[in-house]
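The opening position of the sequence shown corresponds to residue 28 in this note's numbering, with each subsequent residue numbered one higher. Note that beta-carbon positions come from the ideal geometry of N, C-alpha and C, so glycine has one too. Treat the numbers as computed from the prediction; the structure is a model and nothing was measured. Down below is the structure, laid out as structure tokens.
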Amino acid sequence: MMADNEQQAAIQVQDLKLAYGDYVIMHDVSFTVKKGSIFIIMGGSGCGKSTLLKALSGLKEADEGSIYVMGVNFSSATKKEKEAIMHKTGILYQSGALFSSMTLAENIALPLEQYTDYSKGDIAELASLKLALVGLRGFEDFYPSEISGGMKKRAGLARALALDPDIVYFDEPSAGLDPVSSKLLDDLILQLNANLGTTIVVVTHELSSIFAIGQDSIFLDATAKTVIGKGSPQELLRNPPNDTVLNFLTRGKEGNIK
């Protein structure tokens, strides 16, 4: 049973262990993602950030522990219950994961065609609305090869938002982007969170994004194979729990702390 405060959480992770065969990625991981928050999963290379994201989104089973998403325990949920939860979440992958043979509108229409009973006209209108939401009004008939990397990320986000999810997961959203495009994507994430109240979980190692959008966070460590820091990025910077977190947040330049 979950406590009342846990039922109000978007995500509740308890004593989680993730592994590939005998190789343990992480263990004893526990944290809460509040509804309507922007939550950062950070850490150095090889700490398991993307693996954890797969587990949260239902793409990887937990080896031990539990993951509650909107009050439903993924470990004990039926296939129907799990699919219902997954339909209420969206994912933006590093590459945007758009189908190159489809226009942007067709990419966004795909989940609407698969999971709703909307008419073709309604689906076309919704696809245009989602593109407009991410600043791509008028690009419905463009193919992914015809737009920039930053625009591909925004189009991927529009598709992630197609089914009006309660939670959106971002896997290294700034990867491959120039600083200007990265800043525009950060601003878009903040706008979506503020305007729609969407719970957002972001895997990233980019300091500029971490401090620009992060409201709460965990720090995963590849050596300890668990969480070694929790709290808002700003609080972790002011009061680092250990040298590993301090060095990550300052890139080894402690004088950056304000």
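If you check the beta carbons only, do residue i and residue j fall under 7 Å apart?
{"i": "ALA132", "j": "GLU173", "result": "no"}
{"i": "ALA239", "j": "ASP213", "result": "yes"}
{"i": "ILE118", "j": "GLY241", "result": "no"}
{"i": "ALA185", "j": "ILE150", "result": "no"}
{"i": "LEU204", "j": "GLY183", "result": "no"}
{"i": "SER102", "j": "ALA89", "result": "yes"}
{"i": "LYS44", "j": "GLU91", "result": "yes"}
{"i": "ARG181", "j": "LEU153", "result": "no"}
{"i": "SER77", "j": "TYR196", "result": "no"}
Would you mind sorting residue i into buried or exposed? The rule is 16 or more other CB atoms within 10 Å of its CB.
{"i": "MET28", "result": "Annotation note: pLDDT 46 at MET28 (below 50); position unreliable, coordinate value reported separately. MET28 is exposed by the Cβ-count criterion."}
{"i": "LYS107", "result": "exposed"}
{"i": "THR225", "result": "buried"}
{"i": "LYS179", "result": "buried"}
{"i": "PRO192", "result": "buried"}
{"i": "ASP31", "result": "Only weak support exists for where ASP31 lies, its pLDDT of 47 falling under 50; the value from the coordinates is given anyway. Result: exposed."}
{"i": "TYR95", "result": "buried"}
{"i": "LEU86", "result": "exposed"}
{"i": "SER128", "result": "exposed"}
{"i": "VAL161", "result": "buried"}
{"i": "VAL229", "result": "buried"}
{"i": "TYR47", "result": "exposed"}
Out of the options, point me to the one whose CA is closest to residue i's CA.
{"i": "GLY63", "options": "GLN35, SER77, LEU43, ALA89", "result": "GLN35"}
{"i": "GLY22", "options": "PHE246, ILE112, GLU88", "result": "Residue 22 is absent from the model: the chain starts at 28 and stops at 285."}
{"i": "SER259", "options": "GLU91, THR59, LYS147", "result": "THR59"}
{"i": "LYS115", "options": "SER236, LEU156, ILE227", "result": "ILE227"}
{"i": "ALA249", "options": "ASP42, MET53, LEU43", "result": "MET53"}
{"i": "TYR50", "options": "SER209, PHE126, GLU110, GLY73", "result": "GLY73"}
{"i": "SER201", "options": "ALA189, TYR170, THR231, LEU137", "result": "THR231"}
{"i": "ALA124", "options": "ALA89, TYR170, GLU140, GLU152", "result": "TYR170"}
{"i": "VAL56", "options": "GLY48, SER93, ILE65, ALA37", "result": "SER93"}
{"i": "LYS157", "options": "ARG265, ALA46, LEU139, ASN274", "result": "LEU139"}
{"i": "THR130", "options": "GLY165, PRO206, ASP144, GLN121", "result": "GLY165"}
{"i": "ALA37", "options": "ALA46, GLY71, THR271, ASN100", "result": "ASN100"}
{"i": "LYS61", "options": "THR253, ASN220, TYR47, ASN274", "result": "ASN220"}
{"i": "ALA251", "options": "GLN121, ASN269, SER155, ASP243", "result": "ASN269"}
Work out the CA separation of residue j and residue i for me, nearest whole Å.
{"i": "GLY256", "j": "PRO267", "result": "8 Å"}
{"i": "GLN39", "j": "GLY75", "result": "18 Å"}
{"i": "PHE357", "j": "LEU190", "result": "As shown, the chain starts at 28 and ends at 285. That puts residue 357 outside it, with no answer to give."}
{"i": "LEU263", "j": "MET69", "result": "12 Å"}
{"i": "LEU217", "j": "ALA159", "result": "16 Å"}
{"i": "ARG265", "j": "GLN41", "result": "27 Å"}
{"i": "SER146", "j": "SER236", "result": "38 Å"}
{"i": "LEU234", "j": "THR253", "result": "20 Å"}
{"i": "GLY148", "j": "SER175", "result": "28 Å"}
{"i": "GLY271", "j": "LEU223", "result": "Per the sequence shown, the amino acid found at residue 271 is Thr instead of Gly. In a straight line, the C-alpha of THR271 is about 35 Å away from that of LEU223."}
{"i": "LEU188", "j": "PHE275", "result": "31 Å"}
{"i": "GLY282", "j": "GLY71", "result": "Per-residue confidence for GLY282 stands at a pLDDT of 46, beneath the threshold of 50, marking its modelled position as unreliable; no derived number is given."}
{"i": "PHE126", "j": "LEU215", "result": "22 Å"}
{"i": "LYS285", "j": "LEU79", "result": "Because the pLDDT of LYS285 is 41, which lies under 50, any placement of that residue in the model is unreliable, and the number read from its coordinates should be weighed accordingly. Each residue's alpha carbon lies about 31 Å from the other."}
{"i": "LYS210", "j": "ILE65", "result": "16 Å"}
{"i": "LEU137", "j": "THR143", "result": "10 Å"}
{"i": "SER155", "j": "ARG278", "result": "41 Å"}
{"i": "LEU273", "j": "SER244", "result": "14 Å"}
{"i": "SER208", "j": "ILE194", "result": "23 Å"}
{"i": "THR105", "j": "PRO206", "result": "43 Å"}
For a minimum of 3 consecutive residues, which ranges assigned as the beta strand (DSSP E) are wholly contained in the stretch 184-218?
DSSP runs (the beta strand (DSSP E)) wholly in the stretch 184-218: 194-198.
Kindly provide the ranges of any alpha helix (DSSP H) runs that are 4 or more residues long and lie completely inside the stretch 47-123, ordered along the chain.
Correct list: 76-83, 106-113.
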